[in-house]
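Trainee: Residue numbers (UniProt numbering): 1 to 855.
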Amino acid sequence: MAHDNDRARNGYDIDAIQAKWLPRWEETKPFSTGDADDKRPRKYVLDMFPYPSGDLHMGHAEAYALGDVIARYWRQQGFNVLHPIGWDSFGLPAENAAIKRGVDPRDWTYRNIEQQKATMKRYAASFDWDRVLHTSDPDYYKWNQWLFLKMYEKGLAYRKDSWVNWDPVDQTVLANEQVLADGTSERSGAVVVKKKLTQWYFKITDYADRLLDDLNQLEGTWPSKVLAMQRNWIGRSIGADVDFVIEGREAPVSVFTTRPDTLYGTTFMVVAPDSELAAELVRGSSPEVKAAFAEYAAQVQMISEIDRQDATREKTGVFLDRFAVNPANGERLPIWAADYVLADYGHGAVMAVPAHDQRDLDFARAFGLPVRVVVDTNAPVTGAIPVIHMDEHGNYELPDDLPPLDPAITGVALTGEGRMLNSGPLDGLSKSNAIRRIIEQLTGAGTGRAAKNYRLRDWLISRQRYWGTPIPIIHGADGELIPVPEEQLPILLPPTEGLDLTPKGTSPLGAATDWVNVTNPVTGESARRDPDTMDTFVDSSWYFLRFLNPRDETKAFDPREADKWAPVDQYVGGVTHAILHLLYARFITKVLFDMGYVNFTEPFSALLNQGMVLMEGSAMSKSKGNIVGLSEQLDEHGVDAVRLTMAFAGPPEDDIDWADVSPHASAKFLARAWRLSDDVTSAPEIDWKTGDVALRRVTHRFLAEAPGLIEAFKFNVVVARLMELVNATRKAIDGEPGKADAAVREATETVALGLSLFAPYTAEDMWEKLGYPPSVAHYGWRKANPVLLVEESVTAVVQVNGKVRDRFEVSPKIANDDLEKLARASAAVTRTIGDSEIVNVIVRAPRLVNFATKG
């Protein structure tokens with residue numbers, strides 16, 4: 001181990017201190033929450049559990065340092081705190097690593113868990129180590145299967161054929177949320193393509209309104225950025241479903257639109273080329289149309305959804321030689337297939353109003369389709385066409401006196417507000433009134449209705465990989481789906497011996513013949529297990545509940561324990577999970593609430609997102625060669641210095657650049673604080689009231705301010721206040737009143753209590769040297785004496801032209817005029833000003849006077 005020679009010479013040997021206290025904590029288990037008779041009020045503090053890929057990294061170091069501050073703080077405030085830890089241990093990274101190394105995913109996973117666990121314990125986070133869970137343990141994933149069966153029973157788990165996001169590298173499907181903004185897989189980085197498969201889904205869309213509306217409960221306790229991301233992802237739109245009759249088709253086609261007021265401006269219909277509707281409509285077409293459509297549909301499969309939604313792309317499409325009828329005016333509308341419409345938006349078809357929608361207009365102009373203006377945006381539809389300029393942001397600059405324009409000529413859709421025209425009974429109405437009127441007409445005629453649409457899609461949970469929870473469904477010979485009886489759970493993963501785990505588009509479990517081939521429990525006939533495994537986000541959607549009784553073999557969690565502890569009071573983790581994990585956990589919680597298993601609807605009452613730990617401005621990665629290993633930093637600087645540095649670096653939500661911080665300086669400060677406990681000579685029972693009042697004021701100001709700062713997550717400010725208290729205490733020890741003064745002991749004990757939030761080894765050692773039994777973590781926070789918070793005097797500073805010329809003690813209640821008189825009477829100030837003219841005086845009683853002079 002590397003050693004800081006300065007701290008070793010001064011007696012502060014953090015390696016020795018760690019070696020002393022870690023085994024003691026292992027033996028005494030100071031943070032166990034297993035006492036059922038504990039009557040203290042409860043707090044549940046939870047850190048997002050880690051994935052076991054290699055050892056812990058600097059991101060873990062920040063997250064667990066910050067979460068531990070909160071857990072330790074609430075213990076000091078008198079709460080019984082549940083602070084568990086586990087491992088999110090199923091998933092593709094472990095499987096891919098195992099394939100690469102030719103080992104079993106179990107061996108790779110649990111070896112990494114042991115490595116991370118050792119580092120985690122060394123890091124001294126105040127976890128209850130009796131509650132550890134691993135999601136890849138059968139006694140955990142058994143309850144994933146139980147949850148699936150409950151969802152299936154309620155109609156919330158279902159199987160369907162659909163176009164899915166396909167990762168061509170990992171050879172598995174992805175949920176929409178796992179496709180990045182650039183159309184690539186968040187797992188492999190490959191460009192995601194579309195593939196048609198039969199997959200399992202959870203019906204999260206049934207909960208879309210509640211997931212959106214219940215975000216209001218979290219205002220002020222979740223970051224506003226996360227709330228906005230959730231709202232945008234759910235993406236509720238208000239509008240209408242309009243039924244269009246398709247010539248030659250018995251059932252009408254419903255089209256969702258947010259602008260039903262523009263129905264009279266519809267001049268054609270567009271369907272998604274990868275939709276069931278498009279395939280159906282083209283069946284009765286000519287061979288030429290069928291061939292053109294087949295070629296076009298194949299091309300679309302290779303285009304990412306992100307690219308398809310790019311408004312700047314050249315519009316492409318195929319006429320299907322079919323027609324719809326506009327329910328407002330009876331007009332025949334040609335039906336086209338075009339890739340700018342997505343199969344899973346609304347009903348996979350749109351009514352095209354090219355005069356008032358830019359994408360529809362671009363398509364109409366590309367294929368010579370009609371454009372009809374139905375909203376008067378104070379622009380006539382005929383007349384001279386002026387030159388239209390585009391600004392640097394891609395927006396069109398239109399002059400104020402612009403006459404009405406024809407979008408078919410200008411290429412610019414009229415998207416502004418206005419009055420309806422060319423719309424029969426809607427003419428002259430405003431947008432809102434026109435929407436209301438047309439919905440009434442459609443509803444009365446039975447050709448439409450008010451509706452909502454969502455960006456949110458059902459949660460695709462099937463994965464074509466081995467290392468995950470087997471889906472508890474048996475497929476009968478006739479295609480019947482048979483739930484596995486609960487008493488037969490868990491369905492265990494088979495051994496990997498003889499299995500080829502290499503990604504190839506189908507689950508490796510399908511080749512495990514002894515495992516996949518079973519008997520139909522109803523008919524006794526031959527049947528097969530479902531070979532897919534569940535998305536690992538199922539594992540993490542309810543793990544906070546399993547922590548309540550992780551060894552219970554009879555139930556997933558005890559509702560009585562959930563009543564005591566849940567929901568989580570404070571959740572801590574990265575903003576990278578702002579959509580996926582948090583959305584799914586919120587959904588499952590609401591499902592469990594509806595089933596009567598929990599009495600709350602939101603899993604995490606408060607959320608803290610920490611920033612990233614960078615190196616020289618970039619995210620740490622092996623490819624950049626800028627990885628900083630946590631274990632190496634702990635060896636070099638000590639655990640407490642790393643933890644303190646994380647807390648002191650800035651607000652938790654900000655990124656930390658490890659190149660810009662100084663764990664070496666943190667270690668020096670900790671040595672300085674630790675030495676205070678060696679210098680205290682008074683006994684623990686000394687009466688603090690006899691101590692130096694000035695030092696006691698500093699101590700009690702810290703005691704008063706720290707709780708509010710912690711609860712506001714201003715951990716860096718608390719550390720700064722601790723540094724001020726250490727300096728004041730050292731000054732008192734080295735001068736007057738000296739080591740034996742009661743205020744010195746009180747201040748040093750307060751330093752130990754404060755440091756226990758950030759630097760547990762140093763704090764514990766100080767506490768013992770001060771004459772107390774362990775653990776300092778369980779010693780309550782002392783209350784500040786309000787008398788000592790009232791300042792008898794403050795130091796006023798007098799400046800001349802911004803330079804300090806004098807200081808003196810004044811009453812905190814001194815008035816501005818009186819403070820200015822004292823400043824003008826100062827000999828040092830008078831001498832400095834001399835014959836110069838005072839041109840301005842700034843007075844900020846009781847702290848500051850500044851004279852500005854000239855001449």
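Even glycine gets a Cβ: it sits at the ideal position worked out from N, Cα and C. For clarity, every value in this text was computed on a predicted model and none was experimentally measured.
Specify whether the stretch 310-328 and the stretch 188-198 touch according to this definition: at least 3 beta carbon pairs, one from each stretch, less than 8 Å apart.
Mentor: no
Trainee: Distance check for Gly444 and Met269, CA to CA, integer angstroms please.
Mentor: 23 Å
Trainee: If you draw a straight line from the alpha carbon of Asp68 to that of Tyr51, how long is it in whole angstroms?
Mentor: 19 Å
Trainee: Confirm, please, whether the CB-CB distance from Val598 to Tyr44 is below 7 Å.
Mentor: The answer is no: Cβ separation not under 7 Å.
Trainee: What is the DSSP secondary structure of Glu481, reduced to helix, strand or coil?
Mentor: One detail in the question is off: residue 481 reads as Leu in this sequence, not Glu. Strand at Leu481.
Trainee: Can you check DSSP and say which residues form a bridge with Ile473?
Mentor: Pro483
Trainee: Take the Cβ of Val128 as the centre, count every other Cβ of all protein chains shown within 10 Å, and call the residue buried at 16 or more, exposed below.
Mentor: Per the sequence shown, residue 128 should be read as Asp rather than Val. It counts as buried.
Trainee: Taking DSSP's pairing of strands, which residues face Asn609 in a bridge?
Mentor: Gly573
Trainee: In or out: His778 buried (at least 16 other Cβ within 10 Å) or exposed?
Mentor: exposed
Trainee: Give the DSSP-derived three-state secondary structure of Val794 in the structure shown.
Mentor: strand
Trainee: In this structure, does DSSP put Phe808 in helix, strand or coil?
Mentor: It is a strand residue.
Trainee: Given a threshold of 16 other Cβ atoms within 10 Å of its Cβ, counted over all protein chains shown, does Phe851 qualify as buried or as exposed?
Mentor: buried
Trainee: Looking at the C-beta of Phe202, does it have a partner C-beta in chain D at a distance below 7 Å?
Mentor: The structure shown has no chain D; it contains just one protein chain.
Trainee: State the DSSP-derived secondary structure class of Gln77, mapped to helix, strand or coil.
Mentor: coil
Trainee: Using three-state DSSP, classify Tyr345 as helix, strand or coil.
Mentor: Coil at Tyr345, not helix or strand.
Trainee: What is the rounded straight-line gap between the Cα of Thr533 and the Cα of Leu499?
Mentor: Rounded to the nearest angstrom, the gap between the Cα atoms of Thr533 and Leu499 is 15 Å.
Trainee: Quick one: any contact between the stretch 646-658 and the stretch 599-617, if contact means 3 or more CB pairs under 8 Å?
Mentor: yes
Trainee: Who pairs with Val800 in a beta bridge, going by DSSP?
Mentor: For Val800, the beta-bridge partners assigned by DSSP are Lys803 and Phe851.
Trainee: Mind the definition here: the stretch 108-121 touches the stretch 522-539 only if three or more C-beta pairs lie below 8 Å; say whether that holds.
Mentor: no
Trainee: From Phe808 to Leu848, what distance separates their C-alpha atoms?
Mentor: 11 Å
Trainee: Exposed or buried, what is Ala343 when buried is set at 16 or more other beta-carbons lying within 10 Å of its beta-carbon?
Mentor: Residue environment for Ala343: buried (at least 16 other C-beta atoms within 10 angstroms of its C-beta).
Trainee: Could you pull out every residue in the same chain whose Cβ sits closer than 8 Å to the Cβ of Lys20, ignoring the five residues on either side in sequence?
Mentor: Here the set comprises Asp765.
Trainee: Can you name the residues that DSSP bridges to Gln199?
Mentor: Lys160
Trainee: Would you call Ala209 buried or exposed, if buried means 16 or more other Cβ atoms sit within 10 Å of its Cβ?
Mentor: For the sequence presented, residue 209 should be read as Asp rather than Ala. Burial call: exposed.
Trainee: Please report how far the alpha carbon of Arg675 lies from the alpha carbon of Ser618, in whole angstroms.
Mentor: 38 Å
Trainee: Grouping DSSP H, G and I as helix and E and B as strand, with all else coil, what is Arg465?
Mentor: Coil, per DSSP.
Trainee: What residue does the beta strand (DSSP E) around Asp321 start on, and which one ends it?
Mentor: Gly317 to Val325
Trainee: Within 10 angstroms of its Cβ, does Ala328 collect 16 or more other Cβ (buried), or is it exposed?
Mentor: buried
Trainee: For Phe31, which residues of its own chain have a beta-carbon under 7 Å away from its beta-carbon, when the five flanking residues on both sides are left out?
Mentor: If we look at Phe31 and ignore the five residues flanking it on each side, its Cβ neighbours are His83, Ser126, Phe127 and Asp128.
Trainee: Out of curiosity, what's the CA-to-CA distance linking Ile234 and Lys555?
Mentor: 32 Å
Trainee: Can you give, in chain order, each stretch of the beta strand (DSSP E) that sits fully within the stretch 607-689 and has at least 3 residues?
Mentor: 607-610 and 613-615
Trainee: Can you tell me the Cα-Cα spacing of Val628 and Arg721, whole angstroms?
Mentor: 29 Å
Trainee: Here's the rule I'm using: 16 or more other beta-carbon atoms within 10 Å means buried, otherwise exposed. How should Met302 be labelled?
Mentor: exposed
Trainee: Excluding the 5 residues preceding and the 5 following Gln309 in the sequence, name in chain order all residues of the same chain whose CB lies nearer than 6 Å to its CB.
Mentor: Closer than 6 Å at the Cβ level, and outside the excluded window around Gln309, lies no residue.
Trainee: Spatial neighbours of Trp515 within its chain, please: CB distance less than 6 Å, with the 5 preceding and 5 following residues excluded, ordered by chain position.
Mentor: In the same chain as Trp515, and ignoring 5 residues on each side of it, the C-beta atoms closer than 6 Å to its own belong to Pro494, in chain order.
Trainee: With DSSP as the reference, please indicate the residues paired to Thr519 in a beta bridge.
Mentor: Ser526
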